[in-house]
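A quick write-up on the structure given underneath.
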Amino acid sequence: MAARAKRPEDVGSKEYDDSGELIRSHHKQAFEYISVALRIDEDDKAHKEQAVQWYKKGISELEKGIAIEIMGQGEKCERAKRLQAKMTTNLIMAKDRLELLAKVPSAS
Amino acid sequence: STTTLTTPQNEVESLMHEMADESGLDLNMELPQGQTGSVGTSVASAEQDELSQRLAKLRDQV
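Here the protein sequences come in this chain order: E and F.
What the first sequence shows, in our numbering, is residues 70 to 177, in sequence order.
What the second sequence shows, in our numbering, is residues 357 to 418, in sequence order.
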């Protein structure tokens, strides 16, 4: 018989170990994308519409990181949860910024 | 002897940091896997804070 899917308890313990790491990897990607967006956005002379794509990429990474369920308890999980909370804050702020940029007729 | 077993861990750690400071070593570079995870999360949190600050500054600008 073919190997069956992992039993829930196996998957559960694996997720418990990796969720923090997974969240960090999405954070890292999001941080890089949004940093690029901010560098463009902070430059008055830059074409702001170029920042839009980077914000969108960053937002999608933040969403992936926030969607990860943290199982269990303890200091490690608390840290991961705090990181997710900060990512949520930035998700909202980046979306607001994106909305504002979308409204502005591209000033060139 | 049981003396080594009963030495408080924080004493050992502060001694290690003292030695590291004196020799200019970065202890974090040698941390085992479990520890690097929490250091990584702290760094990540700080990076998220940085993004928040920069996004907040831009908030009312067009």
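For every residue, glycine included, the Cβ atom is placed at its ideal position computed from N, Cα and C.
Small disclaimer: the values here were computed from a predicted structure and weren't measured.
Residue i, DSSP secondary structure in three states
i                 : result
Ala115 of chain E : coil
Arg415 of chain F : coil
Ile103 of chain E : helix
Glu90 of chain E  : helix
Val399 of chain F : helix
Gly134 of chain E : helix
Gly143 of chain E : coil
Val121 of chain E : helix
Val173 of chain E : coil
Per-residue burial, residue i [other beta carbons within 10 Å of its own, 16 or more giving buried]
i                 : result
Ser401 of chain F : buried
Ser88 of chain E  : buried
Arg108 of chain E : exposed
Met156 of chain E : buried
Asp377 of chain F : exposed
Arg166 of chain E : buried
Gln404 of chain F : buried
Glu130 of chain E : buried
Leu387 of chain F : Low local confidence applies: a pLDDT of 49 at Leu387 of chain F is under 50, so the model's placement there is unreliable, with the coordinate-based value given in what follows. By the neighbour-count rule (16 or more Cβ atoms within 10 Å), Leu387 of chain F is not buried but exposed.
Asn159 of chain E : buried
Within 8 Å, strictly: CB atoms of residue i and residue j
i                 : j                 : result
Gly396 of chain F : Lys145 of chain E : no
Leu152 of chain E : His96 of chain E  : yes
Glu111 of chain E : Leu414 of chain F : yes
Ile137 of chain E : Leu91 of chain E  : yes
Leu411 of chain F : Phe100 of chain E : no
Rounded Cβ spacing between residue i and residue j (contact assumed at less than 8 Å)
i                 : j                 : result
Ile139 of chain E : Ala154 of chain E : Actually they do not touch by this definition, with Cβ atoms about 11 Å apart.
Ala163 of chain E : Ile135 of chain E : No, Ala163 of chain E and Ile135 of chain E are not in contact; Cβ-Cβ is about 12 Å, not under 8 Å.
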